[in-house]
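For reference, the structure is listed below as structure tokens.
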Amino acid sequence: GSPVIAARAASLPEVAGDAAWLVDPQDPRDLAEALQGLLADPERRRDFAEAGKKRAARFSWQRCARETLRVFERVAARKQARRS
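Adding 213 to a residue's 1-based position in the sequence shown gives its number in the working numbering.
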């Protein structure tokens with residue numbers, strides 16, 4: 214795994230969680246600080262890399278499909294209940 218620097222925008226904070234160093238996408242100094250921080254601190258790089266592996270393991274196409282199916286099933290059940 215590699216340490217991740219991500220923009221604090223859109224869904225990236227939710228997806229990355231605490232496994233990425235989040236920066237203001239409009240602030241080049243914030244990005245530079247994150248880069249310098251990771252370059253200067255091998256332990257921090259390792260920590261982010263490990264956290265990223267753990268975070269990524271929570272996401273899969275199979276899980277996404279399963280959760281999407283559950284949503285469709287709940288919506289269909291509600292619709293059916295209203296008809297009854």
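Glycine included, C-beta positions come from ideal geometry on N, C-alpha and C.
Could you name each continuous beta strand (DSSP E) segment of 3 residues or more that falls completely within the region 227-275, going from the start of the chain to the end?
Uninterrupted beta strand (DSSP E) stretches at least 3 residues long and entirely within the region 227-275 occur at 233-236, given in chain order.
For Ala-294, does the three-state DSSP call read helix, strand or coil?
Position 81 of the sequence shown, counted from the first residue, corresponds to residue 294. Helix, per DSSP.
Touching by the beta-carbon criterion (3+ pairs, under 8 Å), the region 279-295 and the region 251-263:
no
Cross-strand partners of Val-217 (DSSP beta bridge)
Along the sequence shown, read from residue 1 onward, the residue named residue 217 stands at position 4. Bridge partners of Val-217: Ala-233.
At a cut-off of 7 Å, is Cys-277 close to the ligand ADP when judged by its beta-carbon and the heavy atoms of the ligand?
As presented, the structure is devoid of all ligands, the ligand ADP included, so that no description of it is given.
Within 10 angstroms of the Cβ of Pro-216, are there 16 or more other Cβ atoms? Answer buried if so, exposed if not.
Reading the sequence shown from its first residue, position 3 is the one you call residue 216. Classification of Pro-216: buried, given that the 10 Å Cβ count is 16 or more.
Taking 8 Å as the cut-off, decide whether the C-beta atoms of Leu-235 and Arg-221 are in contact.
Taking the sequence shown and counting its residues from 1, the one referred to as residue 235 is at position 22. Taking the sequence shown and counting its residues from 1, the one referred to as residue 221 is at position 8. A contact, by the Cβ cut-off of 8 Å.
Suppose contacts are defined by Cβ-Cβ distances below 8 Å. Is Ala-302 in contact with Arg-268 by that definition?
Since the first residue of the chain shown is 214 and the last is 297, residue 302 is not available in this structure.
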